[in-house]
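Everything below concerns the one structure shown next.
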Amino acid sequence: MLKLACPQHALLEGVQIVSRGVSGRSTQPVQNNVYLEGRGRELRLVATDLEYLSLEALLEANVLEEGATTVPARILSEVASALPNEEVALEADETHGMNIRCGRSRYEIRGLSAADFTMLPPLEQAVRFEMPQGQLETILARTVFATSRDETRPILTGALFRIAEERLEVVATDTYRLALQTAPLEGVGDVTRSAIVSRRALTELARILDGDSPDPVQVAIGDSQVEFRLGKVTLGSRLIEGQFVNYAKVIPASYERRIIANIKELSAALHRALIVAREDANRVVLKTEGGTLKITASSQDVGHAEESIPVTLEGDDAEIAFNARYLLDMLDAVNTTEVVMELSGPLNSGAIKPVGDDTYLYVLMPMQIL
Amino acid sequence: MPTIHVLPENLANRIAAGEVVERPASVVKELVENAIDAGATRVEVELRGGGRDLIRVTDNGCGMTPDDLSMAVQRFATSKVADVEDLERILTMGFRGEALPSIGAVAQLRITTRPVAMDEGSTLVVEGGVVRGPERTGCPPGTVVEVARLFYNTPARLKFLATTATERGHCVAWVQYLALSRPDIAFRLVHDGQVLFATPGSGELAAVVATIYGSAAARDFIPVQAETEAVSLHGLISGPRLTRATRHYQHFFVNRRFVRSRQLSHALTEAYGLLLPPGKSPVCAVHLTLAPEHVDPNVHPTKIEVRFRHPHVVHTVLQQACEEALAAAGFRALTQRPPRTSPVSPPAAGVFAGPDLEQQRRAERLRVNPFAESLDEREDGVEVFAPPPDRGTSATPLFVAHEEAADSPEVLGQLANRYIVARSGHDLLLVDQHRAAERVLLHALEASAGRLVRQLLAVPLSLELTPAEAAAVEDHRQALAALGFELEAFGPSASLLRSIPAALVGEDYETAVRDLISDLVAWEAPSSAERRQEQLRAMVACHGATKKNCALTREEMQRLIRDLMATDAPAVCPHGDPIIVSFPLSLLDRRFRR
Chain G
246 MLKLACPQHA LLEGVQIVSR GVSGRSTQPV QNNVYLEGRG RELRLVATDL
296 EYLSLEALLE ANVLEEGATT VPARILSEVA SALPNEEVAL EADETHGMNI
346 RCGRSRYEIR GLSAADFTML PPLEQAVRFE MPQGQLETIL ARTVFATSRD
396 ETRPILTGAL FRIAEERLEV VATDTYRLAL QTAPLEGVGD VTRSAIVSRR
446 ALTELARILD GDSPDPVQVA IGDSQVEFRL GKVTLGSRLI EGQFVNYAKV
496 IPASYERRII ANIKELSAAL HRALIVARED ANRVVLKTEG GTLKITASSQ
546 DVGHAEESIP VTLEGDDAEI AFNARYLLDM LDAVNTTEVV MELSGPLNSG
596 AIKPVGDDTY LYVLMPMQIL
Chain E
926 MPTIHVLPEN LANRIAAGEV VERPASVVKE LVENAIDAGA TRVEVELRGG
976 GRDLIRVTDN GCGMTPDDLS MAVQRFATSK VADVEDLERI LTMGFRGEAL
1026 PSIGAVAQLR ITTRPVAMDE GSTLVVEGGV VRGPERTGCP PGTVVEVARL
1076 FYNTPARLKF LATTATERGH CVAWVQYLAL SRPDIAFRLV HDGQVLFATP
1126 GSGELAAVVA TIYGSAAARD FIPVQAETEA VSLHGLISGP RLTRATRHYQ
1176 HFFVNRRFVR SRQLSHALTE AYGLLLPPGK SPVCAVHLTL APEHVDPNVH
1226 PTKIEVRFRH PHVVHTVLQQ ACEEALAAAG FRALTQRPPR TSPVSPPAAG
1276 VFAGPDLEQQ RRAERLRVNP FAESLDERED GVEVFAPPPD RGTSATPLFV
1326 AHEEAADSPE VLGQLANRYI VARSGHDLLL VDQHRAAERV LLHALEASAG
1376 RLVRQLLAVP LSLELTPAEA AAVEDHRQAL AALGFELEAF GPSASLLRSI
1426 PAALVGEDYE TAVRDLISDL VAWEAPSSAE RRQEQLRAMV ACHGATKKNC
1476 ALTREEMQRL IRDLMATDAP AVCPHGDPII VSFPLSLLDR RFRR
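So the protein sequences, as listed, match chains G and E. All you need for our numbering is the position in the first sequence, starting with 1, plus 245. All you need for our numbering is the position in the second sequence, starting with 1, plus 925.
Have a look at this one:
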């Protein structure tokens, strides 16, 4: 029977991380529990919705008797956070109950058999690589927002991770726009692999990534599963099955004009124009007059907005309408000073890139008045 | 003084033809059924101009002798029903025996036929009801029936035919029904030289389904089977993911005859229970076999309806079989819809009379819903919500927006994922969220008259369509484009959706556009362009409003209410049903007996 002791703050941290893996909607009650296992000198905590999220944390513990049990995630999390910061003693009994003792507090929580708890199968054949946590954080910040919220097309609710030619491409699209970030990969060799990772897993991953951490994140992409390991925490997820859209077709091959703008100025102008534009499907018209970019929005109910900012224009004057929110999503995600918009006609897609960073591309389709 | 005289026979035929021959598709149906009856294993249908210019049905069946051929074009001459007892045991399809003469009355009909056992065939022509032939001719065994210039002598009917694409769609639909009814026969349908549809004739229903829905979708079908004393059935039903907005894709065959039946559709739908998204219908191809005396198919001249002698038995067997099939495929049947409130059973005669009976019913309604009385009678208080009549008509636009925001009801919560509970002043409001979303969407599509905004898609959506759907898209391409749906033909049975109305951005537009297209197939478009566009907008609004039965956040609800109040008719949905029902404080006080 499981019997161990560990500091309250360590337990709390571990429980808080993994309990986000519980979906709360599982039809099997045991999957709403956290799995606790004492082995060697470690306490292993696991929670999973068995689908798009599995979270596992290892923490140092004084294991007196090896064993495992499961207890409801919510209760464990509440109890752990309410206890004083002292040594916590955990002890499972035969009826799957768990005794928690800490200071002058004593709890007995009803649990369920660890034998009934299901985990994602271990990852076997996988392409493995590692990268700084901060780099993956940036990749996710620039792509995940462009995944689709429409659950009826599951493929688009995730981001594609594609490894080819010693490069990682991460692509997301909700069919209105597409975000593509590339990063060089060293040491993976000549492998090609594609995997669609759910937004749920990536959002959770972004939450636990620590850009300042010196430890890299280890990524393993298998045939049907993916795993991200950050020190003592591992996030696993089943991949979304299916063929991702042919995104190469979406990327414009050429352009006729380029507009270079300061991101802060453009972003502020768009935010203001949105007050009117949001009443008109977020539509803003971008129109250049030489070195000036005019941003206008109008709504029958509200009125009219006009903003102008200085830009550098290459080629003829341009006029095109975009969804201001989609444009702002991109501007918010990049950290350069300037952005370049490569445009052709008013009905052609625009390619938008941060100036001085050719690893990122954002393709946005225009809007049109009929 | 007018004299009464007997109508000449060819005129009588022409009138009777109207019952059987409505459009090219009805000719196709009759001819193919004849081919099936002739024991054909291969049937080819060739059409030109949607069947208006030419319909040619070629079969390898038993063929006819010259005598049979002459008889075949006589009205009510049929080899199939010799006497009244025979009617009891109708198993063949074209039993009414009026098809060929009727067709001959309104088109140029040529039949060329040869029984396998004879060395020589015969041919016969009927034009405007006048028979020429039969003459001897050389031809392969089987029968070829050619129908040219349909309705050439009935201009009124000709005028009412729809576009080529639509007529073609109807023909395709019928050949598909017949192919589904007989998977053992190889069908081929050619239109203007293009093969639209071909089945292998392997005897497997799944193979036919695959040719209609594409092999990918066909994998979503689940086999269903049942064997009872009264009825045996087998077929395929769609998994809950493959659904359509209408029942048009439910193919039931009773003793191999295609039928439409509310009872069968109902049994099927009940089996899915909550597995089915609201407003969606499953797709199926199910064969039922009953003793002929338990079915009366002779209800309607086109024989599409059917009457069962024991409808509830058939209903139960079908529903149970489908439930079991779904459960076996891993779809739990435990998600039953809550039982409907059973209607109040009328009390025994004599116990209550007149007003008492009415009172008792009213009492029953009140028990179920304390507001029902006033709701029904609209006598006091509970009312369809009416916004202030002169909502800022004279104010400047900017001012109106402000005023509305202040007036906008405050959201209190959500009920059953269906109603938004809100407060306006001292009134309690219940808002039907789906109807509200539909109204808002319709407003967005309408209000922007002349400046409808569309969003182009970075990733176009490819839609696999049935031939009938492809035809409908072709017919209405421009009207759809005017609403923001740019559909580009992509091969004979697919379309690429390149843009959507901006009002649908972020919604499940794939389902919306699929449902819209399947509605278009049966849509009788009005001739006025304005009315047409109006109806189309309403259809888009209905299918695009995806907020049916789903949980909404408070912000979403508040926004929906705000947008609803900004429309010109927030209280009533396009179908005339209430969107908002209001319970004034005075009514609540009364209910609490204050």
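We put the beta carbon where it would ideally sit given N, CA and C, even for glycine.
Query                                                                                                                                                                        : Result
Just checking: is the beta-carbon of residue 1198 of chain E within a distance shorter than 8 Å of some beta-carbon in chain G?                                              : no
Can you grab the Cα-Cα spacing for the pair residue 999 of chain E / residue 983 of chain E, in whole Å?                                                                     : 21 Å
Counting only Cβ pairs nearer than 8 Å, list the residues of chain E close to residue 463 of chain G.                                                                        : By Cβ distance, chain E contributes nothing, its closest Cβ being about 32 Å from residue 463 of chain G, past 8 Å.
What is the residue span of the alpha helix (DSSP H) that residue 1029 of chain E lies within?                                                                               : 1024-1031
Mind checking if residue 1136 of chain E is an interface residue toward chain G, Cβ cutoff 8 Å exclusive?                                                                    : no
Taking Cβ-Cβ distances below 8 Å as the criterion, which residues of the region 1176-1193 of chain E are in contact with chain G?                                            : none
If you measure from the beta carbon of residue 887 of chain E to each beta carbon in chain G, is any gap under 8 Å?                                                          : Absent from the model: residue 887 of chain E. The displayed extent of chain E is 926 to 1519, so no value can be given.
From the DSSP output, in three-state form, read off residue 1009 of chain E for me.                                                                                          : With a pLDDT of only 42 at residue 1009 of chain E, under the threshold of 50, the placement of this residue in the model should not be trusted; the figure read from the coordinates follows. Helix at residue 1009 of chain E.
For residue 1190 of chain E, name the three-state secondary structure that DSSP assigns.                                                                                     : helix
Pick out whichever of E:1446, E:1102, E:1516 and E:1485 has its Cα sitting closest to the Cα of residue 1505 of chain E.                                                     : E:1485
Quick one: what does DSSP say residue 612 of chain G is sitting in, helix, strand or coil?                                                                                   : strand
List the residues of chain E that residue 421 of chain G touches, going by C-beta distances under 7 Å, in chain order.                                                       : 1380, 1382, 1383 and 1430
Using a Cβ-Cβ cutoff of 7 Å, what residues of the region 410-439 of chain G are near chain E? List them in chain order.                                                      : 418, 420, 421, 422 and 423
Is the CB-CB distance between residue 290 of chain G and residue 302 of chain G below 8 Å?                                                                                   : yes
Does any C-beta atom of chain G lie closer than 8 Å to the C-beta of residue 1436 of chain E?                                                                                : yes
For the alpha helix (DSSP H) that contains residue 470 of chain G, what are its first and last residues?                                                                     : Counting along the chain, residue 470 of chain G falls outside any alpha helix (DSSP H), though it belongs to the beta strand (DSSP E) covering 470-475.
Quick check: is the beta carbon of residue 295 of chain G nearer than 8 Å to any beta carbon in chain E?                                                                     : no
Relative to chain G, which residues along the region 1465-1486 of chain E have a C-beta separation below 7 Å, given in chain order?                                          : none
Per DSSP, which one or two residues make a beta bridge with residue 466 of chain G?                                                                                          : G:372 and G:471
In the DSSP assignment, find the alpha helix (DSSP H) that holds residue 949 of chain E and state where it starts and stops.                                                 : 949-962
Are any of the Cβ atoms in chain E nearer than 8 Å to that of residue 612 of chain G?                                                                                        : yes
Could you name the residues of chain E that residue 568 of chain G contacts, counting a contact when the two beta carbons are closer than 9 Å?                               : 1380, 1427 and 1430
In terms of alpha-carbon separation, which member of E:1035, E:1067, E:1098 and E:1037 lies closest to residue 975 of chain E?                                               : E:1098
If we ignore side chains and look at the alpha-carbon of each, how far apart do residue 1489 of chain E and residue 1429 of chain E end up?                                  : 16 Å
For residue 1498 of chain E, does the three-state DSSP call read helix, strand or coil?                                                                                      : coil
Compare the C-beta of residue 1139 of chain E with all C-beta atoms of chain G and state if any pair is closer than 8 Å.                                                     : no
Can you tell me whether residue 269 of chain G is buried or exposed? The criterion is at least 16 other CB atoms within 10 Å of its CB, across all chains shown.             : exposed
Between residue 503 of chain G and residue 600 of chain G, what straight-line distance do the alpha-carbon atoms span, to the nearest angstrom?                              : 12 Å
Can you tell me where the alpha helix (DSSP H) holding residue 350 of chain G begins and where it ends?                                                                      : Where residue 350 of chain G is concerned, there is no enclosing alpha helix (DSSP H), although the beta strand (DSSP E) it sits in stretches over 350-355.
Going along the chain, which residues of its own chain have a beta-carbon closer than 6 Å to the beta-carbon of residue 1035 of chain E, five neighbours each way excluded?  : 1050 and 1071
Check whether chain E comes within 8 Å of residue 529 of chain G, counting only Cβ atoms and requiring the distance to be less than that.                                    : no
Throw me the rounded Cβ distance for the residue 229 of chain G and residue 1379 of chain E pair, which I believe falls under 8 Å.                                           : The structure shown does not extend to residue 229 of chain G, since chain G is modelled only from 246 through 615, so no value can be given for it.
Using C-beta distances below 8 Å, list every residue in its chain close to residue 1424 of chain E, excluding the 5 sequence neighbours before and after it, in chain order. : 1379, 1380, 1381, 1382, 1409, 1410 and 1411
With a threshold of 8 Å between beta-carbons, can residue 1328 of chain E be considered close to chain G, or not?                                                            : Low local confidence applies: a pLDDT of 35 at residue 1328 of chain E is under 50, so the model's placement there is unreliable, with the coordinate-based value given in what follows. Taking Cβ atoms only, chain G never reaches closer than 8 Å to residue 1328 of chain E, which makes this a no.
Which chain G residues sit within Cβ distance under 8 Å of residue 1409 of chain E?                                                                                          : 615
Indicate the three-state DSSP secondary structure (helix, strand or coil) for residue 410 of chain G in the structure shown.                                                 : coil
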